[in-house]
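Report on the structure given below.
2 protein chains.
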Amino acid sequence: MMDVARLAGVSHQTVSRVLNEHKNVSEQTRLKVQAAIAELGYRPDRAARALVTGTSKVIGVVTQNTALYGPAMMLTAFEEAALATGFAVNVSSVRNLDERSIADAVERHLDQRVAGLVVIAPVASAGPALAQLPEHVPLVTIDGDPERTSTLVTVDQVAGARAATEHLLAAGHETVWHISGPSDWFDAAGRVSGWESALRDAGKEIPPLLTGDWSAESGYRNGQLLARLPEATAIFTANDHIALGLLRALSEHGRRVPDDVSIVGFDDVPEAAFYTPPLTTVRPDFDAAARASLELLLAQIEERGADVAARRTIAPSLVARESVAPPGGRVRVPS
Amino acid sequence: MMDVARLAGVSHQTVSRVLNEHKNVSEQTRLKVQAAIAELGYRPDRAARALVTGTSKVIGVVTQNTALYGPAMMLTAFEEAALATGFAVNVSSVRNLDERSIADAVERHLDQRVAGLVVIAPVASAGPALAQLPEHVPLVTIDGDPERTSTLVTVDQVAGARAATEHLLAAGHETVWHISGPSDWFDAAGRVSGWESALRDAGKEIPPLLTGDWSAESGYRNGQLLARLPEATAIFTANDHIALGLLRALSEHGRRVPDDVSIVGFDDVPEAAFYTPPLTTVRPDFDAAARASLELLLAQIEERGADVAARRTIAPSLVARESVAPPGGRVRVPS
DNA sequence: GGACGAAATGTGAACGCAAACATGCGCGGT
DNA sequence: ACCGCGCATGTTTGCGTTCACATTTCGTCC
Numbered sequence: 001m002m003d004v005a006r007l008a009g010v011s012h013q014t015v016s017r018v019l020n021e022h023k024n025v026s027e028q029t030r031l032k033v034q035a036a037i038a039e040l041g042y043r044p045d046r047a048a049r050a051l052v053t054g055t056s057k058v059i060g061v062v063t064q065n066t067a068l069y070g071p072a073m074m075l076t077a078f079e080e081a082a083l084a085t086g087f088a089v090n091v092s093s094v095r096n097l098d099e100r101s102i103a104d105a106v107e108r109h110l111d112q113r114v115a116g117l118v119v120i121a122p123v124a125s126a127g128p129a130l131a132q133l134p135e136h137v138p139l140v141t142i143d144g145d146p147e148r149t150s151t152l153v154t155v156d157q158v159a160g161a162r163a164a165t166e167h168l169l170a171a172g173h174e175t176v177w178h179i180s181g182p183s184d185w186f187d188a189a190g191r192v193s194g195w196e197s198a199l200r201d202a203g204k205e206i207p208p209l210l211t212g213d214w215s216a217e218s219g220y221r222n223g224q225l226l227a228r229l230p231e232a233t234a235i236f237t238a239n240d241h242i243a244l245g246l247l248r249a250l251s252e253h254g255r256r257v258p259d260d261v262s263i264v265g266f267d268d269v270p271e272a273a274f275y276t277p278p279l280t281t282v283r284p285d286f287d288a289a290a291r292a293s294l295e296l297l298l299a300q301i302e303e304r305g306a307d308v309a310a311r312r313t314i315a316p317s318l319v320a321r322e323s324v325a326p327p328g329g330r331v332r333v334p335s
Numbered sequence: 001m002m003d004v005a006r007l008a009g010v011s012h013q014t015v016s017r018v019l020n021e022h023k024n025v026s027e028q029t030r031l032k033v034q035a036a037i038a039e040l041g042y043r044p045d046r047a048a049r050a051l052v053t054g055t056s057k058v059i060g061v062v063t064q065n066t067a068l069y070g071p072a073m074m075l076t077a078f079e080e081a082a083l084a085t086g087f088a089v090n091v092s093s094v095r096n097l098d099e100r101s102i103a104d105a106v107e108r109h110l111d112q113r114v115a116g117l118v119v120i121a122p123v124a125s126a127g128p129a130l131a132q133l134p135e136h137v138p139l140v141t142i143d144g145d146p147e148r149t150s151t152l153v154t155v156d157q158v159a160g161a162r163a164a165t166e167h168l169l170a171a172g173h174e175t176v177w178h179i180s181g182p183s184d185w186f187d188a189a190g191r192v193s194g195w196e197s198a199l200r201d202a203g204k205e206i207p208p209l210l211t212g213d214w215s216a217e218s219g220y221r222n223g224q225l226l227a228r229l230p231e232a233t234a235i236f237t238a239n240d241h242i243a244l245g246l247l248r249a250l251s252e253h254g255r256r257v258p259d260d261v262s263i264v265g266f267d268d269v270p271e272a273a274f275y276t277p278p279l280t281t282v283r284p285d286f287d288a289a290a291r292a293s294l295e296l297l298l299a300q301i302e303e304r305g306a307d308v309a310a311r312r313t314i315a316p317s318l319v320a321r322e323s324v325a326p327p328g329g330r331v332r333v334p335s
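Quick mapping for you: the protein sequence lines, in order, are chains A and B. In case it helps, UniProt numbering puts the first sequence at residues 1 to 335. In case it helps, UniProt numbering puts the second sequence at residues 1 to 335.
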């Protein structure tokens, strides 16, 4: 920095001012300094800046170390959004979302003096770890506990599940069965409750709840059961992979989709359109969720005083494909 | 740090020595210092350390901002491995793997004074950006150009493709067709060349190459063509998602798998076992690749002098399922 | 034309740490 | 008894930046 200052014929402080876009710098010297910076290929040292300012242009993300589609997409989308605003993203994956692991991951990030923290915390056990965060660390939780009061961004699971269920009812089915995700996931719980309330509002019977773990294997396992129930003509699965396993089980038992059974999934993984048959599913807008998270986080980072405790809910949309038909087998996509 | 020193009755430098596990510290004072650290809840400031040492415990990863299974798994696996050794991982996703984007991402990382760099660079255009790296930045390329001389970790695409092709030939098929990935990906090129050489070695005819883009949609598109060729009884696809699209296309044309057509995929995505039929595929060991990368990177970070320009190839394994049978339709999984 | 204020720039210090160098202490060898 | 050497610890310095404050420059108003 001194070298730049010398070359530009100014003091190091003026260089600093140019770098930080301070106001009281004359156009003329600004150009001189920028020229010197370019000529010397100078790059400011982030570590030094972090040392003196106590913060950095890095956002810490805590997420579960998983190959699950939803969290993975969320992470990718967030990275992209953050990069676009000049923030780097530091990822700390944890194997389990238990209190201890999350607390450790958070501490690692605080050590690094991150400017803010994003926690993708879809399970209840994550709550306590976040409760005891020091002072006013900017924090946004994604897919966290809907009951908590902190800043939260979440896909509207309930609305998505309602849409899926109502879509099946609209096709003429008596009721809709559901294979859920793991019960400790908020996402799973929200989808269950949307499914239940849609059925209740329509005055339909609520069939027993089947529980999966997001995997195709769990869809297959539950499918073995459902395939033998002739009254199960409409099934809403908590995600597309469960639906895939279910499709496989139904096919093995000779039950045709959508002729005998209609299915709606959740996530709209890119492959869903190529399942046999193409899967009607609910598409969450991961990009919108990521952008909302970043926006709320930046608001907290910038206004240090105001406690921005907003929350944002992202509405998903239903993507109709061929896996839904009226009961009895008329092969037709209902409107 | 001063507070800790005062409480322990030593100088700040002794505290520093304890922190860095220097040798010449007596057991007695070490305990005193550690007690003081614990009591005050002191945490060293990484920024200050980075400032004075010129490096940090952060590894920068450059990867394509994509939802593709392979790179995503690789990233996840690497994060986990790095975290286990006390390194944080800073991810810089780029939208396109062109020279400019990669160079930018690399510069962002160098600004942050990362200890080392991992570039997941499956396409040729990434090469030039890495060629002009400053001095001796520890660098490992994953899935990069096999021809380059830098430190490289890669899944053995050729061996995997050979195994897939030979598996189909062993089932009795006349020859094997291939739907490849995008031609600018090394992964895709390796799989093509493994496929070709296996056919050549077996003295079989090499059918025209079909090209996809990793997506199920591209498998479907190519499948429309293949479904009308009765002689295409065995198909090796560059990944499982292409295979899924292909399955869909074949099914629409009434060609049964494996009775009429046998298929082998690549990646072993968790859902592959639940395709209709369950897909025989090649499983790369992402964890092993990630561990190898980290190992090579740490070697470079520690031995600043020695130019460790090793390369590591990870052998994939074939997972036999029901999508392969002898031609003519005997439904049987060949050994 | 001089004084005044705002804009532009410079000066010194401090951020928290590790490296280099300096000190003190005890021990063994001749 | 003396020297010298190794070990444990203390002191000083500087990493590259920003902040708080000091200083200069310039335009403006009466």
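Beta carbons are placed, not taken as given, at the ideal position from N, Cα and C, and that holds for glycine.
Item: Tell me where the alpha helix (DSSP H) around Trp177(B) begins and ends.; Value: Trp177(B) -> not in any alpha helix (DSSP H); beta strand (DSSP E) instead, spanning 177–180.
Item: Name the chain B residues that come within less than 9 Å of Thr313(A), Cβ to Cβ?; Value: Correct list: empty, because the minimum Cβ distance to chain B is about 23 Å.
Item: What does the alpha-carbon distance come out to for the pair residue 375(B) and Lys32(A)?; Value: Residue 375(B) is absent from the model: chain B starts at 1 and stops at 335.
Item: Decide yes or no for the touch test of the stretch 278–295 of chain B against the stretch 63–79 of chain B: beta carbon pairs closer than 8 Å, at least 3 of them.; Value: yes
Item: Take the Cβ of Gln132(B) as the centre, count every other Cβ of all protein chains shown within 10 Å, and call the residue buried at 16 or more, exposed below.; Value: exposed
Item: Quick one: grab the DSSP three-state call for Leu229(A).; Value: coil
Item: What would DSSP say about Ala115(B), mapped onto helix, strand or coil?; Value: coil
Item: For Val324(A), is the classification buried or exposed, using 16 other Cβ atoms within 10 angstroms of its Cβ as the cut-off for buried?; Value: buried
Item: I want to verify the contact list: residues of chain A whose CB lies under 7 Å from the CB of Arg108(B), in sequence order.; Value: Ala88
Item: Under 6 Å Cβ to Cβ from Ala164(B), same chain only, skipping five residues before and after it: list those, please.; Value: Phe236, Val264, Val282
Item: Which class does Ala273(A) belong to by DSSP, given the choice of helix, strand or coil?; Value: helix
Item: Going straight from the alpha carbon of Ala227(A) to that of Pro182(A), what length do you get?; Value: 21 Å
Item: Does any CB atom of chain B fall closer than 8 Å to the CB of Ala67(A)?; Value: yes
Item: Just to make sure I have the definition right: I need the residues of chain B whose C-beta is within less than 9 Å of the C-beta of Arg113(A). Which are they?; Value: Asp45, Arg46, Ala47
Item: Would you kindly check if the distance between the Cβ of Ala189(A) and the Cβ of Gly219(A) is under 8 Å?; Value: no
Item: Do you know offhand how far Leu294(B)'s Cα is from Thr63(B)'s?; Value: 15 Å
Item: Quick one: what's got a C-beta closer than 6 Å to Thr14(B)'s C-beta in the same chain, skipping five residues either side?; Value: none
Item: Along the alpha helix (DSSP H) that carries Leu297(B), what are the first and last residues, could you check?; Value: 286–302
Item: Give me the subset of the stretch 197–225 of chain A whose CB atoms are less than 8 Å from a CB atom of chain B, sorted by chain position.; Value: Ser215, Ala216, Glu217, Gly219, Tyr220
Item: Just to confirm before moving on: does the CB-CB distance between Leu117(A) and His109(A) stay below 8 Å?; Value: yes
Item: Enumerated in chain order, which unbroken segments of the beta strand (DSSP E) with a length of 3 residues or greater are wholly contained in the stretch 35–97 of chain B?; Value: 58–64, 88–94
Item: May I ask you to report which of helix, strand or coil DSSP gives Gln11(A)?; Value: The amino acid occupying residue 11(A) in the given sequence is Ser; Gln does not appear at that position. It is coil, neither helix nor strand.
Item: Can you tell me whether Arg113(A) is buried or exposed? The criterion is at least 16 other CB atoms within 10 Å of its CB, across all chains shown.; Value: buried
Item: Please list the segments of the beta strand (DSSP E) lying wholly inside the stretch 232–261 of chain A, counting only runs of 3 or more residues, in order along the chain.; Value: 234–237
Item: Just to confirm, are Val261(A) and Pro277(A) a CB contact at a threshold of 8 Å?; Value: no
Item: Buried or exposed for Asn20(B), please, with buried defined as at least 16 other CB atoms from any protein chain shown within 10 angstroms of its CB.; Value: exposed
Item: Would His178(B) and Leu225(B) qualify as a contact pair, given that the criterion is a beta-carbon distance under 8 Å?; Value: no
Item: For a test of the three-state rule: what should DSSP assign to Thr151(A), helix, strand or coil?; Value: coil
Item: My output table needs one value for Val210(B): the three-state DSSP class, helix, strand or coil.; Value: Per the sequence presented here, residue 210(B) reads as Leu, with Val not at that position. Strand at Leu210(B).
Item: Report all residues from its chain with a CB closer than 7 Å to the CB of Leu318(B); omit the five preceding and five following residues, and keep chain order.; Value: Ala163, Ala164, His167, Val282
Item: Could you check whether the Cβ of Val331(B) sits closer than 8 Å to any Cβ belonging to chain A?; Value: Note that Val331(B) scores a pLDDT of 46, beneath 50, so its modelled location is shaky and nothing firm can be said.
Item: When the Cα atoms are used, what is the spatial distance from Ser125(A) to Asp111(A)?; Value: 23 Å
Item: What first and last residue would you give for the beta strand (DSSP E) that runs through Ser323(A)?; Value: Unbroken run through Ser323(A): none, as it is neither H nor E.
Item: DSSP beta-bridge partners for Arg312(B)?; Value: Val153(B)
Item: Start and end of the alpha helix (DSSP H) containing Val282(A)?; Value: Run containing Val282(A): none in the alpha helix (DSSP H); it sits in the beta strand (DSSP E), 280–283.
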